[in-house]
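Quick note, the sequence shown lines up with residues 25 to 224 if you use the working numbering. In this text, a Cβ means the ideal position worked out from N, Cα and C, and glycines have one as well. Presented below is the structure to which this report refers.
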Amino acid sequence: LDPLFQRPAPLPARIKTLSPSELGGAKALPGERGLDEEAAKRRGRQIHRLLEFLPTVPAADWPATAARLLSNGSDAASGEELSLLLAEADKVLTRPSLSSLFTPPALTEVPITAKPYRDRLIIEDTRILAVDFKTNALVPETPTDCPDALLRQMGAYAHALRLLYPDHRIDTAILWTRTATLMPLPHDLVTRALESTTIA
25 LDPLFQRPAP LPARIKTLSP SELGGAKALP GERGLDEEAA KRRGRQIHRL
75 LEFLPTVPAA DWPATAARLL SNGSDAASGE ELSLLLAEAD KVLTRPSLSS
125 LFTPPALTEV PITAKPYRDR LIIEDTRILA VDFKTNALVP ETPTDCPDAL
175 LRQMGAYAHA LRLLYPDHRI DTAILWTRTA TLMPLPHDLV TRALESTTIA
């Protein structure tokens with residue numbers, strides 16, 4: 025049969041690229057109560073949006089900007105909910121020890137691979153710091169107390185950055201928005217967490 029008239033073979037199934045946030049494990053500490061998973065994700069998106077855009081306007085404009093940013097869509101907020109979200113973002117943005125994360129040369133929402141993004145990436149001459157914002161209601165006291173999923177996620181980012189910047193020291197940290205604290209993560213800890221991933 026003439027090859028021109030043969031039906032082509034089916035294309036192989038497309039391989040799904042896993043995001044570092046999909047590497048399995050718990051994302052919250054045992055005993056953490058409050059919002060269900062969907063509501064917690066929604067709140068996380070709301071806080072992330074505020075932390076991304078509020079640093080670009082004067083502090084006096086934050087209330088009006090927050091109201092505009094969260095004025096519509098599935099993440100819309102108003103009244104007391106908006107006030108609580110703005111208060112949490114304000115606490116983070118006005119903490120002096122965190123100011124370097126929200127001023128140049130810190131980069132926002134940087135694509136590291138085709139899919140995942142980092143909340144803040146600070147690139148220095150010999151060092152890179154990747155920071156992820158987490159809105160968990162219950163904040164771990166030490167890095168070793170962090171939920172496995174979060175450590176695996178940060179380990180994946182560290183690994184990807186190591187490939188992109190082989191001559192830099194790669195550091196990772198979590199910014200807990202509930203307490204406005206930055207928690208540096210030991211490289212060995214996130215590496216072991218990533219190696220423990222069992223998802224094929």
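Residue i vs residue j beta-carbon contact at 8 angstroms
i	j	result
Leu-185	Ile-198	no
Leu-78	Trp-86	yes
Arg-202	Val-163	yes
Ala-154	Thr-221	no
Leu-94	Leu-106	yes
His-183	Leu-218	yes
Leu-209	Pro-171	no
Ile-71	Thr-159	yes
Ile-152	His-211	no
Leu-175	Leu-213	yes
Arg-69	Asp-114	no
Ala-204	Val-116	yes
Leu-110	Ala-90	yes
Met-178	Asp-156	yes
Delimiting residues of the beta strand (DSSP E) encompassing residue i
i	result
Val-155	151-158
Asp-195	193-200
Contact with chain D by residue i, beta-carbon distance below 8 angstroms
i	result
Arg-151	In the displayed structure, chain D is absent; only one protein chain is listed.
Enclosing alpha helix (DSSP H) for residue i [first to last residue]
i	result
Ala-217	211-219
Ala-61	With the sequence shown as reference, residue 61 is identified as Glu, and Ala is not the correct amino acid for it. Note, Glu-61: alpha helix (DSSP H), 61-77.
Reduced DSSP category for residue i - H, G, I as helix; E, B as strand; rest coil
i	result
Lys-139	Low confidence applies here, because Lys-139 scores a pLDDT of 49, under 50, leaving its location unreliable and the question unanswered by this model.
Pro-128	coil
Leu-145	strand
Thr-118	coil
Val-81	coil
Thr-205	strand
Thr-89	helix
Lys-40	Since pLDDT at Lys-40 reaches only 49, below the 50 mark, its modelled position is unreliable, and no value is offered.
Leu-109	helix
Ser-123	helix
Gly-275	Not covered by the structure: residue 275. The range shown for the chain is 25 to 224.
Restricting to runs no shorter than 4 residues, where is the alpha helix (DSSP H) found entirely within the stretch 165-191? 172-188
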